[in-house]
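Peer 1:
2 protein chains.
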Amino acid sequence: MPKYEQIAQDIRKSIEDGALAPGDRLPTVVELCDLYGVSKITVRKAVEQLAEQGFVSSRRGSGTYVKASPEAQGSENSAHGGDALYMGRKDRSIGFMREHQNDGTVTSDIYEFEVVEPPAEIAQRLDMEPGGFAYHDVRVRRLDGVPIVQEDTYMPLDLASGLKRQHLETSIYDFLRNEKGLKLSSFHRIMRAVAASKVEAERLDIKPNDPLFEIEQIGFLDDGVPFEYSVSRNVGSRTEMHDVNLT
Amino acid sequence: MPKYEQIAQDIRKSIEDGALAPGDRLPTVVELCDLYGVSKITVRKAVEQLAEQGFVSSRRGSGTYVKASPEAQGSENSAHGGDALYMGRKDRSIGFMREHQNDGTVTSDIYEFEVVEPPAEIAQRLDMEPGGFAYHDVRVRRLDGVPIVQEDTYMPLDLASGLKRQHLETSIYDFLRNEKGLKLSSFHRIMRAVAASKVEAERLDIKPNDPLFEIEQIGFLDDGVPFEYSVSRNVGSRTEMHDVNLT
DNA sequence: AAGTGGTCTAGACCACTTC
DNA sequence: AAGTGGTCTAGACCACTTC
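Residue numbers (numbering that gives the first Met the number 0), protein chains in the order written: chain X, 0 to 246; chain P, 0 to 246.
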């Protein structure tokens, strides 16, 4: 782990255990350099990471201050009703399985699993050659038996060759990473609120027209190649998405 | 504008006008240093910005590659139905007014405007002293006459003192920035899909139980002090949120 | 072995806030 | 005037990919 991450982690701990309270000013950049025995650029990178994660805010000429913690927000939300899906911190948004591996037991209902020529508009988003084939699957993911989300996914055949039903039941991303050696790098997402169709309602154990949190997503490898197009529809009452936004 | 932003902008232009196509490799970091006459750290910062914005992906030992452009995604979405609200690129998510100032005419219906002792749970999120007062307002924002979102907002009285009805009709953020000299720095958000109540449906010109895209948000100043708590409910069929997520 | 991106040093200079 | 964060230089060393 690089130095700047260690420093960020150390300061983050001080905030989380209360040694640094909301409104407090952090030591100055120069003081932190002395304290950790590193150069300014390393401290700056640590502070930038803390800012991205929502822990601090820097004010030129004045100092760096502790914000009300995102964790406090997090805990409060569950009271709001959304008790199932936590997404959003950048490092956590890497698949349903990984998000929920500590939450309970994940299972899947598989409704479709086939190899097809994808619709032109999807092929284009996946940067596929005309006539190329792709895996297509539709799953409902359950947490401790409760249906959370329906995922409709396309993956180019040549990137994901060897994909089997058993991977759909656990984690496609684990298969891509561990068995195919791919490095998943980033996701472009569009989120919307939509109404459940009759079929979706049945699969997700809700009522038709109940609100769904839709995520249309393209996943990219570290060489910029798209490996996945998916539309997931999350049960509104069991889903919330967290986000920190810097201006 | 700092050098690294100029360089990022320059490379971004090359991508947008097609000089660099998806899948292409950028010049190496060292080549870019020579090309722009800057040091390595400056080029790295430019490339990091491009990665955050979803334009490129870097692969250690190999190179930096152009991804399928987010703009291509953007244009495709409007075909999908969501033709009104574009959010998400970090630098654009700073208020309804600013997001739509080029889209059409923004107007407001004001349903509530008062100074109150906020509910305990909201006062806590705003880090307010017990017994403190806050502005509270409920507005519906329209774009060219079409209702898009209902916003329910609390702001501490001492931070926003002088707020008037006229500011609710244009932009509260402009008032805070220009007249109060505040620097809005970041927002913590939680997003959900919910169903419209009867009252909301009436105000937004939709049907009860139609899906709404809810954003619960706390806004922070550059010294880490929260200045705003708001819950906005956006008409699902007129809203989409864009996002780039790095792992 | 050669080439690539990622981290880091030890400074310098500047913009801005605070007094 | 003094103190703060933000940017930048000219290198160095390393992890990883490619051949």
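Glycine included, every Cβ here is placed at the ideal spot set by N, Cα and C.
With distances taken between CB atoms, is the gap from X/Leu167 to X/Gly218 smaller than 8 Å?
Peer 2: no
Peer 1: Consult DSSP for X/Leu245 and reduce its assignment to one of helix, strand or coil.
Peer 2: strand
Peer 1: Assign P/Asp108 to one of three DSSP states: helix, strand, or coil.
Peer 2: strand
Peer 1: Look at the alpha carbon of P/Ser74 and the alpha carbon of P/Lys12, and state the distance between them as a whole number of angstroms.
Peer 2: Confidence at P/Ser74 is low in this model, with a pLDDT of 32, below 50, so its placement is unreliable and no value can be given for it.
Peer 1: Can the beta-carbon of X/Tyr228 be found closer than 8 Å to that of X/Ile109?
Peer 2: no
Peer 1: May I ask you to list the residues that DSSP assigns as paired with X/Ser170?
Peer 2: Per DSSP, none; premise fails for X/Ser170.
Peer 1: X/Asp9 to X/Asp16, Cα distance in whole Å?
Peer 2: 11 Å
Peer 1: Could you spell out the range, first to last residue, of the alpha helix (DSSP H) harbouring X/Arg124?
Peer 2: Ala119 to Arg124
Peer 1: Taking the alpha-carbon of X/Thr238 as reference, which of X/Gln149, X/Ala20 and X/Ile6 has the nearest alpha-carbon?
Peer 2: Shortest Cα-Cα distance from X/Thr238 to any of X/Gln149, X/Ala20 and X/Ile6 involves X/Gln149.
Peer 1: Taking just the CA atoms, how far does X/Glu51 sit from X/Leu245?
Peer 2: 7 Å
Peer 1: Can you list the alpha helix (DSSP H) stretches of 4 or more residues lying completely in the stretch 19–67 of chain P, in chain order?
Peer 2: 28–35 and 39–51
Peer 1: Starting from the C-beta of X/Val42, find all residues in its chain whose C-beta is less than 6 Å away, skip the five residues before and the five after it, and write them out in chain order.
Peer 2: Val28, Leu31 and Cys32
Peer 1: Under the three-state reduction of DSSP, which class applies to P/Glu128: helix, strand or coil?
Peer 2: coil
Peer 1: Starting from P/Glu201, follow its DSSP beta bridges and name the residues at the other end.
Peer 2: Looking at the DSSP assignment, P/Glu201 forms no beta bridge with any residue, so it has no partner.
Peer 1: Output yes if chain X places a C-beta closer than 8 Å to the C-beta of P/Leu190; else output no.
Peer 2: Here residue 190 of chain P turns out to be Met, not Leu, going by the sequence shown. It does: the Cβ of P/Met190 has a partner Cβ on chain X nearer than 8 Å.
Peer 1: Have a look at P/Arg164, P/Pro146, P/Gly161 and P/Asp136 and flag the residue whose alpha-carbon is nearest the alpha-carbon of P/Thr152.
Peer 2: P/Asp136
Peer 1: Using DSSP with H/G/I as helix, E/B as strand and the rest coil, what is X/Leu162?
Peer 2: X/Leu162 falls in the coil class under three-state DSSP.
Peer 1: Give the secondary structure of P/Leu156 by DSSP, where H, G and I count as helix, E and B as strand, and everything else as coil.
Peer 2: helix
Peer 1: Spatial neighbours of P/Tyr64 within its chain, please: C-beta separation below 6 Å, excluding the five flanking residues on both sides.
Peer 2: Arg24 and Ser56
Peer 1: In whole angstroms, what separates the C-alpha of X/Met190 from that of P/Met240?
Peer 2: 5 Å
Peer 1: Could you give the C-beta distance for P/Phe174 and P/Gln216, rounded to a whole number, given that I count them as a contact under 8 Å?
Peer 2: Not a contact, Cβ separation roughly 18 Å.
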